[in-house]
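Asker: Going by the numbering used here, the final residue of the sequence shown carries number 539, and the count climbs one at a time with no gaps. Where is the CB? At the ideal position from N, CA and C, for every residue including glycine.
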Amino acid sequence: MGEEVKSAAATSPQAEMPIAIPLRDDDREPSHRAEEHPSWFSPKRLLVMFCVINMLNYVDRGVIASNGVNGSQNTCTESGVCIAGGGIQGDFGLNNFEDGVLSSAFMVGLLVASPIFAILAKSVNPFRLIGAGLSVWTFATAGCGCAFDFWSITIFRMLVGVGEASFISLAAPFIDDNAPVSQKTAWLGAFYMCIPSGIALGYVYGGVVGNGLHWRYAFWGEALLMLPFAIFGFVIKPLQLKGFTSSKPNKEKVLGEIDVADGEQNSKHAASVSYDDTRRTNTESKNCSWSGIFRKFLTHNTRFLRDMKLLWGEKVFAINVLGYIAYNFVIGAYSYWGPKAGQAIYHMNNADLMFGGITIVCGIFGTLAGGYILDRIQSTISNAFKILSGASFLGAIFCFGAFCFKSLYGFITLFAVGELLVFATQAPVNYVCLHSVNPSLRPLSMAMSTVSIHIFGDVPSSPLVGVLQDHINNWRISALILTSILFIASAIWFIGVFLHAVDRFNEASEHGVPPIQRSNHTPLLDNNGEAPQESA
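1) By the three-class DSSP mapping on this structure, what secondary structure does G96 have?
2) What did DSSP end up calling G215 once you bin it into helix, strand or coil?
3) Enumerate in chain order the residues of its own chain whose CB-to-CB distance from F232 is below 6 Å, with the five nearest sequence positions on each side excluded.
4) Beta carbon of V104, beta carbon of M161: below 7 Å?
5) So what does DSSP say about G192, is it helix, strand or coil?
6) Give the range of the alpha helix (DSSP H) segment to which C147 is assigned.
7) Which residues in the same chain have their Cβ closer than 7 Å to the Cβ of F368, if we skip the five residues on either side of it in sequence?
8) For G373, name the three-state secondary structure that DSSP assigns.
9) Among the residues of its own chain, which have a CB less than 7 Å from the CB of I458, if the five just before and after it don't count?
10) Give me the Cβ distance between V462 and S69, rounded to the nearest whole Å; I'm assuming they're in contact under 8 Å.
11) Would you kindly work out how many angstroms separate the C-alpha atoms of I133 and R445, rounded to a whole number?
12) State buried or exposed for C149, treating a residue as buried only when at least 16 other CB atoms are found within 10 Å of its CB.
13) Taking K343 as part of the alpha helix (DSSP H), name the residues at either end of that continuous run.
14) Of the choices N386, D152, Y61 and A387, whose alpha-carbon is the least far from that of P199?
15) Under the rule that 16 or more other beta-carbon atoms within 10 Å means buried, what is I156, buried or exposed?
16) Would you mind working out which of L471, C436 and N73 sits nearest H217, comparing C-alpha positions?
17) Would you decide whether N476 is buried or exposed? Buried here means 16 or more other CB atoms lie within 10 Å of its CB.
18) Between S487 and F403, what straight-line distance do the alpha-carbon atoms span, to the nearest angstrom?
19) If you drop the 5 nearest sequence neighbours on each side, which residues of the same chain put their C-beta closer than 6 Å to that of V425?
20) Report the rounded CA-to-CA distance for I519 versus G201, giving the unit in angstroms.
21) Would you mind stating whether I322 and I484 have Cβ atoms separated by less than 7 Å?
22) For F332 and I491, what's the separation of their Cα atoms in angstroms?
23) Which residue wins for smallest C-alpha separation from L440, given the options S410, K318 and A372?
24) Taking only three categories from DSSP, how would you classify K409?
25) Out of curiosity, what's the CA-to-CA distance linking A227 and Y220?
26) Taking the alpha carbon of K240 as the point to measure from, which residue in L49, I376 and V165 has its own alpha carbon closest?
27) In the DSSP assignment, find the alpha helix (DSSP H) that holds G499 and state where it starts and stops.
28) In terms of residue numbering, what span does the alpha helix (DSSP H) encompassing R1 cover?
29) Measuring straight from C-alpha to C-alpha, what distance separates F170 and C54?
30) Does I390 come out as helix, strand or coil in the three-state DSSP assignment?
31) Report yes if the C-beta distance between G205 and G335 is below 7 Å; otherwise report no.
32) Alpha carbon to alpha carbon, how far is N98 from I158?
33) Evaluate T141 with the Cβ neighbour count: other Cβ atoms within 10 Å of its Cβ, from every protein chain shown; 16 or more gives buried, anything less gives exposed.
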């Protein structure tokens with residue numbers, strides 16, 4: 004019986020034709036699984052590494068805003084006695100508007116590079132893109148320490164934005180992929196906790212290094228701290244993001260190779276095909292023309308425009324980002340002008356340390372609390388909007404009341420409570436960005452969210468507050484006007500509570516990747532080296 008089947012298979016024309024069958028995930032050899040998910044690279048290590056990188060990004064924001072690095076203007080009294088300023092502002096002779104522009108210069112690079120990195124993520128391994136971006140960031144921060152005038156440091160600040168663009172658009176999707184299902188928002192909260200804590204550490208670090216050594220050493224120190232992570236992004240085995248196919252060719256099984264007797268014939272056939280394919284590839288590469296490059300550019304441009312239309316067509320995403328813009332308008336100006344305003348209003352001798360301490364404590368506890376509460380009450384988009392609206396409204400009340408106090412201790416108490424509530428929005432707002440769009444659009448959604456909150460939020464807020472302060476010369480009134488914009492953010496997010504929201508995390512991507520099962524509690528990178536057990 005077995006010999007008849009074998010002879011029939013040998014004489015059948017169909018039996019001689021190899022049929023390619025793509026491997027399923029559970030059919031791949033252990034070596035292939037290990038290559039995609041290195042056993043030494045666990046989800047928690049990924050989270051810790053991304054948190055450190057994110058913190059260094061925002062330490063840079065705090066450094067350039069600290070009094071020790073940013074410094075003060077040259078001032079002259081009515082009697083004609085002039086006092087030399089210090090730091091960047093004093094060395095380069097910057098007014099408040101130019102100083103505010105300097106804080107926002109990174110946005111130019113971020114705006115240009117973020118969509119590019121989001122598009123490249125579909126064809127280049129995202130982890131390699133992060134390594135490339137961190138290399139640019141390292142070079143740019145070192146360049147800031149070597150700047151010789153306003154324009155040179157402005158150009159290097161733009162390059163800082165280019166380097167940051169790859170990380171901010173790709174890190175959050177990686178974390179969302181690999182976090183345990185019941186702790187997704189908490190893990191995002193831990194990641195975004197590094198924003199306020201990084202800025203606060205930047206205040207302290209910039210103040211200590213700037214006053215103790217020189218403001219240039221603060222930037223050189225940042226570059227040295229980031230350099231190992233930039234190298235690490237290139238030397239480790241790359242990771243794949245859900246919603247995207249691997250850049251490597253799919254492994255296939257050939258039915259002819261199953262029969263040991265036909266193995267030699269099939270190997271000869273495969274070698275012949277491989278030779279023909281190699282020769283054809285070499286010929287095609289020689290015939291490459293500008294027209295082919297132009298067609299490829301048009302294809303990528305068409306795909307980008309289509310993805311942008313789909314992204315901004317999501318009302319939930321658009322409302323979320325609109326509220327985030329108003330929120331970041333206030334937070335960006337707080338982070339940059341806070342130490343100077345505090346020093347002017349309350350005559351703080353150590354404004355960098357005071358604002359740094361308040362921000363780091365309230366930022367850590369507030370951000371973690373926002374993620375924890377959303378996980379406890381059930382992680383849904385509607386619940387996220389409720390937290391966003393309520394926390395920002397209460398935070399606005401306390402922060403507004405703080406600047407009305409003339410007592411330093413009353414200000415510190417109310418402002419600390421206000422920041423605690425305001426920072427509770429970090430995990431929910433990014434949860435909505437990730438779960439209101441198709442998985443394949445998540446890098447683009449994070450990129451466009453970040454670009455939007457910067458270009459319409461903290462980028463114009465710092466120079467505008469500088470112009471306002473130059474005009475009215477009253478930091479208390481400037482701070483009250485700025486804080487009132489938090490009420491607008493709360494109102495916009497309140498609209499999101501009533502929108503019909505669909506969590507798209509489970510949707511299949513445009514690349515045919517199977518939907519992610521919410522019931523699967525095993526993180527993507529949690530590889531224990533054991534092959535999955537097949538059901539009988």
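Answerer: If we stick to the structure as given:
1) coil
2) helix
3) I56 and L137
4) no
5) helix
6) P129 to G148
7) L423
8) helix
9) M110 and L114
10) Not really, about 19 Å apart at Cβ, beyond 8 Å.
11) 15 Å
12) exposed
13) K318 to Y349
14) Y61
15) buried
16) N73
17) exposed
18) 7 Å
19) G398
20) With a pLDDT of 39 at I519, under the threshold of 50, the modelled position of that residue is not reliable, and no figure is offered here.
21) no
22) 11 Å
23) Position check: residue 440 holds Val in this sequence, whereas Leu was assumed. The residue with the shortest Cα to Cα distance from V440 is K318.
24) coil
25) The sequence shown places Leu at residue 227, not Ala. Cα-Cα distance, rounded: 11 Å.
26) L49
27) I488 to G499
28) Residue 1 lies beyond the residue range present for the chain, which begins at 4 and ends at 539; the question has no answer from this structure.
29) 11 Å
30) helix
31) no
32) 18 Å
33) buried
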